[in-house]
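So the sequence lines, in the order shown, correspond to chains A and B. Under numbering that gives the first Met the number 0, the first residue of the first sequence carries the number 0, and numbering increases by one thereafter. Under numbering that gives the first Met the number 0, the first residue of the second sequence carries the number 0, and numbering increases by one thereafter. Yeah, the Cβ is synthetic: ideal placement off N, Cα and C, and Gly gets one too. Step one of this worksheet: look at the structure below.
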Amino acid sequence: MLRKMKVMMVTDSLQVGGAEQVAVDIANSLDRDTHQVYFCATRTDGLLRSSLKSDVEIMVLERSATWDLLKLLAFGKYVRSEGIDVLHSHGRGTMRFIALCKALGIIQAQHVFHDHFGRLHLDRSAGRGLKVPLHHGVDAYIGVESRLCRWAIDTVGLPEAKVSLVRSGVDLERFSTAPAINLREEFDLGEGNLVLLMVANFRPQKDHPTLFRAIAELTPAQQESLRLVVCGSTTADPAYFEGCMAMLERLKIDHLVRTIGVRNDAPSLMAGADAGVFSSKNESGPLVILEYMASRLPFVATETGEIAHAVKDEGVGILTEPRDYLALADGLAALLDMTAEQRAAMGERGRQLVIEEFEQHVVVRQVEAIYDQLLGLSSQSSGAKESNLAIG
Amino acid sequence: MTTEHATTPRTRYPRAQCEVSVALCTLNGSRWIEQLLQSIAAQELLPDEIVIQDDCSEDDTVELIEKFAGLAPFAVRVEVNERRLGSTANFATALARCHGRFIALADQDDVWYPNKLRRLIDELTLDPTVTMVFSDADLIGPDGEDLGQRLWDARLIGRTLRKRAVVPEELFARRALTTGCTMAVRRRAVAASLPFPEALENQAAPMRHDRWLSLVAAAVGTVRALPDSLLGFRVHPDQETGVLVGAQLPQALGRAAAAVFTAPVGQSNATHLARANQLEAAAGRAHEMGDFEEAVTLEAIAAHHRSRVQSAGSVLDRLRGIAEGVRVGAYGWDRLGLVAVAGDTVRSVRPGRGGQCETVLHSEPAPENQIEGS
Chain A
0 MLRKMKVMMV TDSLQVGGAE QVAVDIANSL DRDTHQVYFC ATRTDGLLRS
50 SLKSDVEIMV LERSATWDLL KLLAFGKYVR SEGIDVLHSH GRGTMRFIAL
100 CKALGIIQAQ HVFHDHFGRL HLDRSAGRGL KVPLHHGVDA YIGVESRLCR
150 WAIDTVGLPE AKVSLVRSGV DLERFSTAPA INLREEFDLG EGNLVLLMVA
200 NFRPQKDHPT LFRAIAELTP AQQESLRLVV CGSTTADPAY FEGCMAMLER
250 LKIDHLVRTI GVRNDAPSLM AGADAGVFSS KNESGPLVIL EYMASRLPFV
300 ATETGEIAHA VKDEGVGILT EPRDYLALAD GLAALLDMTA EQRAAMGERG
350 RQLVIEEFEQ HVVVRQVEAI YDQLLGLSSQ SSGAKESNLA IG
Chain B
0 MTTEHATTPR TRYPRAQCEV SVALCTLNGS RWIEQLLQSI AAQELLPDEI
50 VIQDDCSEDD TVELIEKFAG LAPFAVRVEV NERRLGSTAN FATALARCHG
100 RFIALADQDD VWYPNKLRRL IDELTLDPTV TMVFSDADLI GPDGEDLGQR
150 LWDARLIGRT LRKRAVVPEE LFARRALTTG CTMAVRRRAV AASLPFPEAL
200 ENQAAPMRHD RWLSLVAAAV GTVRALPDSL LGFRVHPDQE TGVLVGAQLP
250 QALGRAAAAV FTAPVGQSNA THLARANQLE AAAGRAHEMG DFEEAVTLEA
300 IAAHHRSRVQ SAGSVLDRLR GIAEGVRVGA YGWDRLGLVA VAGDTVRSVR
350 PGRGGQCETV LHSEPAPENQ IEGS
């Protein structure tokens, strides 16, 4: 009997976030006949632990810095003792940590780095702190959008063969089985209005102010016909959160908005909402749009990231230019103008598109092909090859 | 400044009605205006409109514009002010009249290269978070002759800008880095900048329209610097935004250095207070748009300007204040920061610091503005 490939997902934490969710989804959907799956959060534990399948071995390292030598040694010892074949890191800090382990000779496993960097518009540079670990400590690079892959090849100088584009996918099962939460009742939203849900931690990148300003631009009648529920961490950037709350009061729309903090039942919240909304400035994914689609939610979102670009002409949601609150207000008004049937049809098209193109099994086969190629189990994996060709 | 022409509340700044506007302010520009207009008409990417605000020209500038308008391949919307506003208020008025999603600024005496508009607009289109993009320029003489120098180098900002694709708000807060005619701005940033605050017109340290726009654009989005030269920037004695060429630059530097030793302390105080007010106004706009982090950065720099106002305390107290500013990095960690520390130190210890807190009501806007430090 062939030995199963041992794969460990490595993230900074198990707290709710886009990159962490991708890591969890891959861990849950790798083929169990051929893979044994581990998950390591190098810094902190979090709510996503409960989303991992029970057969996933979980370790939380609680390292305090990249150069946390004791944790580094403990991690290396564990990886060696378990005979891990592939370390799949998410996030640049985690990538550096693994690259350092490899450079010190603590571990020999193959290292796949999954890059979700969402601030390429601000920083297209690649200093030594990135180039050295990427060249010497990473065996395969996965970018979640074509801009990232282009950057890895042109700016970092990685060989094309090492670089693959793998768009994020979504685990439909999570959304098919989630019981709907009655948001109107749970959050005292009243009746006869459209309940919008925004799932995004309160961080400047997510640009809640543009959404709030957009709502303030609507006519009083339009405002009264909607309610907004914002789900996401309020402690990630307390000053930003306080600024947002003050803005809601200043715009006199605070009675329309409920902030409910971070939750691990997003699929149930989505199942109970009428539509999704997302106002981020800049994203590489964003995964949440797929989650809205998987939940049959029509949505209004800013057009940023690989997924938003890929679905913009599919009639599954309304996409507007990032940071443009007037355009976002137009999008919200258009959503409010639609009949319930039209919104349902839009949501259904979204669900269908996920099944056809973004289902987690489609994505995970590409990832497995990259692992196989690294370990020499296939001379030229078709999945990896296709994803390489897709780089724009 | 809030003029009767530019009082549109920010949230009601009209939505874009076309793609590209050019905002041009004119004043007695008949010598070069035709050349500029022809170069705009020859752009690879044509604007949808030119919005011209004439500030009571006494020559035939308006007639030349009207003649051009009859043949132009785009709308030419010219308006003459009833009274002279000055260039900053005039630009505020012109910007308020623009319909474009992107607005490029023009000066009456320059010559645009055919790819200028396309390069700037491409950059804005590529990334919707970019609120402003500006380029370098070649310096040309009154008759269009190439002076063999770039604008950025003449303004001693080439090294700063070439190593940064993205220019953060704190750099604009510390120094004037942009020249209007090299800029194109996304409508959202123009909306955030209007109406221009009264504080810009403070005579102790006026802030021109281009620096204000850059500051607000960086605070509410991303500003990119393109090192390509996209126009001929004409250097001549009558221009309002001068650059110093040849021997003028070391002379101006010398005058600026001498002023540290000789100018009344009150003049420096008034400058710091004016800057503090302007930066606080920009912080207010950032805060209003939900860019809280950027607002805090600008407020911190404004607070540092206020702390640099020389008080009548002891020399030791003043030096302690400067040391504290250095310790927390308030001066910035570049050459300009060092110059500012040196200037403050000299002003703190030099004898004859009479009239230290008087308000300076009238002072000439010096050409040294272009070498102003933090």
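Measuring CB to CB, does residue 255 (chain A) end up less than 8 Å from residue 286 (chain A)?
no
Note down, in chain order, all residues in the region 267 to 282 of chain A with a beta-carbon under 8 Å from any beta-carbon belonging to chain B.
280, 281
With 8 Å as the C-beta to C-beta threshold (strictly closer), list the residues of the region 174 to 204 of chain B near chain A in chain order.
Hits within the stretch, in order: 187.
What three-state label does DSSP hand residue 178 (chain B) in the structure shown?
coil
At the level of alpha carbons, what is the spacing between residue 171 (chain A) and residue 323 (chain B)?
57 Å
Nearest to residue 98 (chain A) by alpha carbon, out of A:68, A:113, A:131, A:79?
A:131
Would you decide whether residue 181 (chain A) is buried or exposed? Buried here means 16 or more other CB atoms lie within 10 Å of its CB.
exposed
Are the region 130 to 141 of chain B and the region 173 to 191 of chain B touching, with three or more C-beta to C-beta distances below 8 Å?
yes
The alpha helix (DSSP H) with residue 76 (chain A) in it runs from where to where?
68 to 81
Bridge partner(s) assigned by DSSP for residue 36 (chain A):
A:6
From the beta carbon of residue 127 (chain B), is the nearest beta carbon of chain A less than 8 Å away?
Yes, contact with chain A.
Using beta carbons (cut-off 8 Å, strictly below), is residue 323 (chain A) in contact with chain B?
Yes, its Cβ sits closer than 8 Å to a Cβ of chain B.
Please go through the same chain and pick out, in chain order, the residues whose beta-carbon is closer than 6 Å to the beta-carbon of residue 26 (chain B), but skip the five residues on each side of it.
54, 56
If we ignore side chains and look at the alpha-carbon of each, how far apart do residue 64 (chain A) and residue 54 (chain A) end up?
The alpha-carbon atoms of residue 64 (chain A) and residue 54 (chain A) are separated by roughly 29 Å.
Look at the Cβ atom of residue 91 (chain B), then the Cβ atom of residue 50 (chain B), and state whether they are nearer than 8 Å.
no
Measuring straight from C-alpha to C-alpha, what distance separates residue 362 (chain A) and residue 168 (chain A)?
Their Cα atoms are separated by approximately 6 Å.
Can you tell which of B:344, B:327, B:106 has its C-alpha closest to the C-alpha of residue 208 (chain B)?
When only C-alpha atoms are compared, the closest one is B:106.
Quick check on this structure: which residue in B:186, B:177, B:109 has the alpha carbon closest to the alpha carbon of residue 322 (chain A)?
B:186
Who does residue 277 (chain B) pair with in a DSSP beta bridge?
Partner residues in a beta bridge of residue 277 (chain B), as assigned by DSSP, do not exist.
List the DSSP bridge partners of residue 149 (chain B).
B:137
Return yes when the Cβ of residue 292 (chain B) is within less than 8 Å of the Cβ of residue 282 (chain B), no when it is not.
Cβ atoms of residue 282 (chain B) and residue 292 (chain B): not closer than 8 Å.
If the cut is a Cβ gap below 7 Å, which residues of chain B does residue 320 (chain A) touch?
Chain B residues near residue 320 (chain A): 127.
Given this structure, state the Cα-to-Cα distance separating residue 313 (chain A) from residue 237 (chain B), to the nearest angstrom.
57 Å
Are the C-beta atoms of residue 78 (chain B) and some chain A residue less than 8 Å apart?
No, because no Cβ of chain A sits closer than 8 Å to the Cβ of residue 78 (chain B).
Going along chain A, which residues have a C-beta under 8 Å from residue 292 (chain B)?
203, 238, 239
Roughly how many angstroms separate the alpha carbons of residue 224 (chain A) and residue 298 (chain A), rounded to a whole number?
The straight-line gap from Cα to Cα measures roughly 16 Å.
For chain B, is any of its Cβ atoms less than 8 Å away from the one on residue 285 (chain A)?
Taking 8 Å as the threshold, the shortest C-beta distance from residue 285 (chain A) to chain B does not fall below it.
If we call anything under 8 Å between Cβ atoms a contact, is residue 352 (chain A) one with residue 272 (chain A)?
no
Closer than 9 Å at the beta carbon, the chain A residues around residue 28 (chain B):
What residue 28 (chain B) touches in chain A: nothing, since even the nearest Cβ is about 35 Å away.
Is there at least one Cβ from chain B nearer than 8 Å to residue 209 (chain A)'s Cβ?
Contacts with chain B at 8 Å (Cβ-Cβ) include residue 209 (chain A).
Would you kindly work out how many angstroms separate the C-alpha atoms of residue 159 (chain B) and residue 316 (chain B), rounded to a whole number?
33 Å
Curious, which full-length alpha helix (DSSP H) runs of at least 4 residues does the region 84 to 138 of chain B contain?
86 to 96, 115 to 125
When the Cα atoms are used, what is the spatial distance from residue 349 (chain B) to residue 254 (chain B)?
Answer to the nearest angstrom: the Cα atoms are 17 Å apart.
Simplified DSSP assignment, three categories, for residue 23 (chain B):
Note: residue 23 (chain B) maps to strand in three-state DSSP.
Taking 8 Å as the cut-off, does the region 29 to 49 of chain B touch the region 67 to 78 of chain B (at least 3 CB pairs, one atom from each stretch)?
yes
Residues of the region 223 to 257 of chain A whose Cβ lies closer than 8 Å to any Cβ of chain B, in chain order:
238, 239, 242, 243, 246
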